[in-house]
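These notes are about the structure you will find just below.
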Amino acid sequence: GDENKAEQNKWLQLARDCFIEFLATGMFILAALSVPILGAAGTAAGIRTIGVSFGFGFTITILVAVASRFSGAHLNPAVTWGLFLAQRIGALRLLYIPCQMVGAITGAAILYGIVHDLDTTTYPEVPFLAVNRVMPGFSRGEALGYEIIFTCLLLTVVLAVTHGKAQFGRASMAPFHIGYAVFIAHMVMVPVDNCSINPARSFGPAVIANYWSDQWIFWVGPLTGATVAGLFNGVLWKLFHGKPVKPAKLLE
């Protein structure tokens, strides 16, 4: 009957949304990582940081604007995890995470296919695919701390501007607010560890470049930051509304 058809449509929608997450995360990796590898190659450190920050911030803004009406445009396992802990999405939406990982690997593989034979003197990031790694002069603890803080900031922004009663302008502005958060994180963190705040962004190029040094930082840091933001959102909600967040349904 109509109930069965509605249930079937929900599963089809979930499958579609998982594919969107795969596709958009792959496009994010391909486009954004091209900036440090190609566009910012050979520039002074400060100019490189600004260029990379704009590249990542604008790429996220565009993809969130395009994909948000379908999957919500997470493009990041930490965002999916934080939204789940904040009870904004149901448990089955955690299926986004493997789709994001495969998308990131695919995007990195396509990028490698394009740049692998470039001269590494001119384009020194080609062998690394701009993989996240702790830069000289910084400790693992510092990199981990920055990843926690700025992923927490990103999730706080995402939770604020995607809420139904958001007071930060129209919903159409949400991609820009999220893009600004990504921009600021990269401005601070590119010199530290190339800025992750996204385990998929770290994992995809690491697989293709086969570079695994400090990879754990780019999982523990972002997921910890997302956990803090996701759980704190529930605490704030209860504080201001006097009742707990209404949990999302399994397929929401």
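Going by the numbering used here, the first residue of the sequence shown is number -18, and it counts up by one from there. Idealized CB from N, CA, C, for every residue including glycine. These numbers come from a predicted model, not from an experiment.
Buried versus exposed, by CB contacts within 10 Å (16 or more), residue i
| i | result |
| --- | --- |
| Asp(-2) | buried |
| Trp62 | buried |
| Ile159 | buried |
| Met82 | buried |
| Thr30 | buried |
| Asn(-15) | exposed |
| Pro203 | buried |
| His97 | exposed |
Candidates the options: closest to residue i by CA position
| i | options | result |
| --- | --- | --- |
| Gly60 | Val138, Ala(-4), Gly84 | Position check: residue 60 holds Val in this sequence, whereas Gly was assumed. Residue Val138 is the option with its Cα nearest to Val60. |
| Ala181 | Glu(-16), Thr6, Ala(-4) | Thr6 |
| Ala13 | Ile43, Ala(-4), Asn(-15) | Ile43 |
| Leu76 | Val142, Ile41, Leu(-5) | Leu(-5) |
| Glu2 | Leu(-7), Asn(-10), Ala48 | Ala48 |
| Ala210 | Ser15, Gly38, Arg69, Arg50 | Arg69 |
| Val201 | Ala155, Ser183, Trp218 | Ser183 |
| Val16 | Ala207, Asn191, Gly206, Val171 | Val171 |
Beta-carbon separation (whole angstroms), residue i vs residue j, contact threshold 8 Å
| i | j | result |
| --- | --- | --- |
| Ile18 | Tyr104 | 6 Å |
| Thr24 | Gly36 | Actually they are not in contact, since the Cβ atoms of Thr24 and Gly36 sit about 12 Å apart, beyond 8 Å. |
| Met8 | Gly88 | 7 Å |
Check: How do the region 122 to 140 and the region 169 to 182 stand: do at least 3 beta-carbon pairs fall below 8 Å, yes or no?
Finding: yes
Notebook entry, point to check: Counting pairs of beta carbons, one from the region 115 to 124 and one from the region 185 to 201, are three or more of them closer than 8 Å?
Noted result: yes
Checklist line | Any alpha helix (DSSP H) of 4 or more consecutive residues that is wholly inside the region 16 to 94 | finding: 26 to 48, 58 to 66
Note to self: Extract the residue ranges of the alpha helix (DSSP H) inside the region 113 to 190, only unbroken runs of 4 or more that lie entirely within it.
What the structure shows: 121 to 142, 155 to 174, 180 to 190
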